[in-house]
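Worksheet: one structure, shown below.
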Amino acid sequence: MQPIISVKDLCKTYSSGFEALKSINLEVRKGEIFALLGPNGAGKTTLIGAICGIVNPTSGQVSVAGHDIKTDYRAARSMIGLVPQELTTNAFETVRADVSFSRGLFGKPANPALIEKILKDLSLWDKRDAKIITLSGGMKRRHMIAKALSHEPDILFLDEPTAGVDVELRRDMWNLVRQMRETGVTIILTTHYIEEAEEMADRIGVINKGEIVLVENKAELMRNLGKKQLTLLLQTPLESIPQALSAYQLELADGGSELVFTYDSRGERTGITALLADLGKAGIRFKDLQTSQSSLEDIFVNLVSDRT
Amino acid sequence: MNWRAVKAIYMFEMSRAFRTLLQSIVSPVISTSLYFVVFGTAIGSRINAIDGVSYGAFIVPGLIMLTLLTQSIANASFGIYFPKFTGTIYEVLSAPVSYLEVVLSYVGAAATKSIMLGLIILATASLFVPLHIEHPFFMLLFLVLTAVTFSLFGFIIGIWADGFEKLQLIPLLIVTPLTFLGGSFYSIEMLPPFWQTVSLFNPVVYLVSGFRWSFFGTADVGIGISLGMTLAFLALCMAIVAWIFRTGYRLKT
Ligand SMILES: Nc1ncnc2c1ncn2[C@@H]1O[C@H](COP(=O)(O)OP(=O)(O)OP(=O)(O)O)[C@@H](O)[C@H]1O
Ligand SMILES: [Mg+2]
Chain S
23 MQPIISVKDL CKTYSSGFEA LKSINLEVRK GEIFALLGPN GAGKTTLIGA
73 ICGIVNPTSG QVSVAGHDIK TDYRAARSMI GLVPQELTTN AFETVRADVS
123 FSRGLFGKPA NPALIEKILK DLSLWDKRDA KIITLSGGMK RRHMIAKALS
173 HEPDILFLDE PTAGVDVELR RDMWNLVRQM RETGVTIILT THYIEEAEEM
223 ADRIGVINKG EIVLVENKAE LMRNLGKKQL TLLLQTPLES IPQALSAYQL
273 ELADGGSELV FTYDSRGERT GITALLADLG KAGIRFKDLQ TSQSSLEDIF
323 VNLVSDRT
Chain B
210 MNWRAVKAIY MFEMSRAFRT LLQSIVSPVI STSLYFVVFG TAIGSRINAI
260 DGVSYGAFIV PGLIMLTLLT QSIANASFGI YFPKFTGTIY EVLSAPVSYL
310 EVVLSYVGAA ATKSIMLGLI ILATASLFVP LHIEHPFFML LFLVLTAVTF
360 SLFGFIIGIW ADGFEKLQLI PLLIVTPLTF LGGSFYSIEM LPPFWQTVSL
410 FNPVVYLVSG FRWSFFGTAD VGIGISLGMT LAFLALCMAI VAWIFRTGYR
460 LKT
């Protein structure tokens, strides 16, 4: 299937000379929720800005549903709703007027019924005639989401939608995102919360220092997550894994003094009991043992620190 | 053309003015009245008629131009600078809107506002002095051309400025002196010959002169030259705006 967003060799060097994006290649599939993870300053906002027309890319191409964002910007941008990271609002406008303004800006005819529905979905209807400056931070965030939804985008960019948002509202937002996905909207979100990516995303991309270091299905990552490791510290180092234990997923580490067993903690039976029995039979003794589990967080931290 | 977007931005900008309606209308009315009390009545009664026009009537076109210029620049520069400053410009940049449409809506709104002000001042002035407009069509033409030209100029300043000081700098340092020295309150023929020549380098002289001609049928410089200079300045501003947008200057990082 043709990707809905395709980024090719995208580079961005700011006028300060800082290279914020280093030849990014990325494809986002239609209808998925794509989570972009990365530490502060990784280039997430820059990447989104370049796709949405806020940042001038230095080189490279981006197309949205086949429309080049430079030569065919009208078609490309009409499809995109953007909720930026910063809370920037037309402070003195009223909520409803400002959301209707966004719709007009995107060239859509006025549709009061739709605006009403969006405001109700985001629990902002009571505030429809309030000045934006009088809203709380969380309400402002929702207001900005309402603006992005007002023109019925096919693609929604959420740059840290849940930063500074309380637990309840975060749940609401996740539900909203899922609802949007059900109606066929493609969603790209950035977040610092790994559990958020775990909870929401179909695929996860990790960006660090302006480079994409990994793009993977969440299911794939979770399968790795489900794996646990049991490390046995042996009394006497082994040269190789004995034939009798070949049925197990074993590896030698630390010059043969550690035996590492990888197993699926969510499987029916992990095989630990049998392994320990077989070790005893083979006369292999150990002085200590420990188990470890890699979380998405570990994977993330490893990926990011590898590159430093 | 994305006319809906043009309308949306235009209405947004206009509603900003209507929210502060009182201050947008009352303050120019008051300041114009003050000019008339001081220059028209108190001082004007001691000044001879210029080209057969009483001094009170003579300064009307100049006063309107003064307001038109300063308000066009202030409205347009603030209109585009403010969203840049607060960051709300992101929405316009990410919208399917061409640069032409952006200019049309912001400059259109700023020009509309200052034209409205010009007409309000004209109405206020007619309460003080009997006014007869010789060439109403040219009067309106100059009004519109000047409003559009200086709204474009203000738009350029608003884009160029990266702080509130810069936003004030050009109007304060250049525009106000040029308008005061542009013959708003006197005929440049009243100046010594040297300063008459210097005045010819002041674009405002041509605006005021042309505008005054449309009122009284007489002017410092010919109407053709006035119109030509006004159009030339308009073309210059349009060229700069076109360049700004081609390069994304100060709008996109
Ligand atoms: N206008 C700018 N001029 C110069 N450098 C910039 C500019 N904007 C961003 N940068 C730099 O580019 C890098 C990437 O910034 P970006 O905002 O894309 O990061 P991010 O991944 O969104 O970070 P965060 O998680 O903190 O939001 C940072 O090092 C930042 O300092
Ligand atoms: Mg960011």
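Residue numbers (our numbering), protein chains in the order written: chain S, 23 to 330; chain B, 210 to 462. Don't be surprised by glycine CBs; every beta carbon is placed ideally from N, CA and C.
Taking a Cβ-Cβ cut-off of 7 angstroms, the neighbours of Val-77(S) in chain B comprise Lys-461 and Thr-462, given in sequence order.
Going by DSSP, Val-417(B) is part of the alpha helix (DSSP H) stretching over 412-425. For Asp-276(S), the number of other beta carbons within 10 angstroms of its own is below 16, and it is reported as exposed. Around the C-beta of Glu-374(B), fewer than 16 other C-beta atoms lie within 10 Å, and the residue is accordingly described as exposed. The secondary-structure analysis by DSSP pairs Gly-227(S) across a beta bridge with Leu-58(S) and Val-237(S). Rounded to the nearest whole angstrom, the CA to CA distance from Asp-181(S) to Met-220(B) is 29 angstroms. Where Ile-70(S) is concerned, the enclosing alpha helix (DSSP H) starts and stops at 66-74.
Taking all protein chains shown into account, Tyr-315(B) has 16 or more neighbouring C-beta atoms within 10 Å of its C-beta and is therefore buried.
Here DSSP, grouped into helix, strand and coil, assigns Gly-159(S) to helix. The beta-carbon of Thr-93(S) is placed no less than 8 angstroms from the nearest beta-carbon of chain B. Across the region 306-318 of chain B, CB contacts with chain S closer than 8 angstroms involve Val-306 and Ser-307, in sequence order along the chain.
In this structure, DSSP gives Lys-130(S) a state outside helix and strand, which the three-state scheme calls coil. In this structure, the beta-carbon distance from Lys-249(S) to Glu-220(S) does not fall below 8 angstroms.
In this structure, the alpha-carbon of Val-306(B) lies about 46 angstroms from that of Phe-337(B). For Ser-314(B), the distance from the CB to the nearest heavy atom of ligand 1 is not below 7 angstroms. Distances from the alpha-carbon of Leu-382(B) to those of Phe-248(B), Thr-279(B) and Cys-446(B) put Thr-279(B) closest.
Rounded to whole angstroms, Ala-132(S) and Lys-169(S) show a C-alpha spacing of 13 angstroms. For Val-353(B), the CB contacts under 8 angstroms within the same chain, skipping 5 residues up- and downstream, are Ala-320 and Ile-324 in chain order. Residue burial is scored here from C-beta neighbours: Ile-177(S) has at least 16 other C-beta atoms within 10 angstroms and is therefore classed as buried. Shown here for Ser-396(B): same chain residues with a beta carbon closer than 8 angstroms to its own, the five before and five after excluded, namely Ile-259, Asp-260, Phe-267 and Asp-429 in chain order.
Interface with chain B (8 angstroms Cβ-Cβ cutoff): Gly-129(S) is included. Between the alpha carbons of His-344(B) and Val-312(B) lies a distance of about 30 angstroms. The Cβ-Cβ distance between Glu-310(B) and Met-210(B) falls below 8 angstroms. In this structure, ligand 1 has a non-hydrogen atom nearer than 7 angstroms to the beta-carbon of Asn-62(S). The three-state secondary structure of Leu-326(B), taken from DSSP, is helix. Close to ligand 2, as judged by a C-beta nearer than 7 angstroms to any of its heavy atoms, are the residues Lys-66(S), Thr-67(S), Gln-107(S), Asp-181(S), Glu-182(S) and Thr-212(S), in chain order.
Tyr-36(S) has its Cβ nearer than 7 angstroms to a heavy atom of ligand 1. As summarised for the region 279-310 of chain S, the continuous alpha helix (DSSP H) elements at least 4 residues long and confined to that stretch are 294-303, given in chain order. For Val-301(B), the three-state secondary structure derived from DSSP is helix. Only buried fits Glu-280(S), as 16 or more other CB atoms lie within 10 angstroms of its CB. The DSSP-derived three-state label of Asn-47(S) is strand.
In this structure, the alpha-carbon of Gly-431(B) lies about 20 angstroms from that of Phe-403(B). Residues of the region 47-77 of chain S whose Cβ lies closer than 7 angstroms to any Cβ of chain B, in chain order: Cys-74, Gly-75, Ile-76 and Val-77. For Asn-239(S), the nearest beta carbon of chain B is not closer than 8 angstroms to its own beta carbon. Taking 8 angstroms as the CB threshold, Ser-158(S) stays off the interface with chain B.
When C-alpha distances from Thr-241(B) are compared across Leu-445(B), Met-274(B), Leu-230(B) and Ser-263(B), the shortest belongs to Met-274(B).
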